[in-house]
Amino acid sequence: MVVGILQVRLAIPGAASLKDKRRVVRSVKDRLHRQHQVSVAEVDRQDDCEAAVLGIALAASDVRVAQSVLDRIVDGLKNERDCVLDDHQCEVMTGTPE
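Okay, so the sequence shown: first residue is 2 according to our numbering, each after it adds one.
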């Protein structure tokens, strides 16, 4: 089993309130889940209307598949119109079932 984990920090320059931020974050989360079949949650900076940290996770059977999906997510986030990808950290873990 392979687990891919991606943490991304997004700047949301157009957000004037938490309501604006939540609209952007919800849109990004829904799109990532729909397009890549990953789990997405806001994991930090919930009270900051100009930034968000998302945790993204997926399970796969192959390291290359997991890394490819995470790379496509990062590339897609670089082209978002409502937010800016500030930073990201990626990790792919492998394990053997007992």
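We put the beta carbon where it would ideally sit given N, CA and C, even for glycine.
Q: Could you tell me whether the Cβ atoms of residue 29 and residue 41 are closer together than 9 Å?
A: As a first step, residue 29 is located in the sequence shown; it is residue number 28 there, counting from the start. As a first step, residue 41 is located in the sequence shown; it is residue number 40 there, counting from the start. Yes, the pair counts as a contact, with Cβ atoms nearer than the cut-off.
Checklist entry - What is the residue span of the beta strand (DSSP E) that residue 67 lies within? => result To locate residue 67, count along the sequence shown from 1; it is residue 66. Counting along the chain, residue 67 falls outside any beta strand (DSSP E), though it belongs to the alpha helix (DSSP H) covering 64-78.
Would DSSP call residue 36 helix, strand or coil? Counting from one through the sequence shown, the residue named residue 36 turns up at place 35. Reduced to three states, the DSSP call for residue 36 is helix.
Exercise for the section: Would you kindly work out how many angstroms separate the C-alpha atoms of residue 21 and residue 11, rounded to a whole number? Expected result: Walking along the sequence shown from the start, residue 21 turns up at place 20. Walking along the sequence shown from the start, residue 11 turns up at place 10. If I take the Cα positions, the gap works out to 14 Å.
Next item on the list: Please check the pair residue 79 and residue 86, which I expect to be a contact at CB under 8 Å, by giving their CB distance rounded to whole angstroms.
Entry: Your numbering for residue 79 matches position 78 in the sequence shown. Your numbering for residue 86 matches position 85 in the sequence shown. Indeed, because the Cβ distance is near 5 Å, the residues count as touching under 8 Å.
Taking Cβ to Cβ, would you say residue 58 is nearer than 9 Å to residue 5?
By one-based count along the sequence shown, residue 58 stands at place 57. By one-based count along the sequence shown, residue 5 stands at place 4. Taking 9 Å as the Cβ cut-off, residue 58 and residue 5 qualify as a contacting pair.
When you compare only the Cα positions, how much space is there between residue 27 and residue 82?
-> For this step, residue 27 is matched to residue 26 along the sequence shown. For this step, residue 82 is matched to residue 81 along the sequence shown. Rounded to the nearest angstrom, the two C-alpha atoms are 14 Å apart.
Specify, as a first and last residue, the run of the beta strand (DSSP E) that residue 92 falls within. Taking the sequence shown and counting its residues from 1, the one referred to as residue 92 is at position 91. Here the beta strand (DSSP E) through residue 92 covers 85-95.
List the endpoints of the continuous beta strand (DSSP E) containing residue 56.
Taking the sequence shown and counting its residues from 1, one reaches residue 56 at position 55. First-last of the beta strand (DSSP E) with residue 56: 52-61.
Is it right to say residue 44 is buried, meaning 16 or more other beta carbons lie within 10 angstroms of its own, or is it exposed? Counting from 1 along the sequence shown, the entry for residue 44 is found at position 43. Burial call: exposed.
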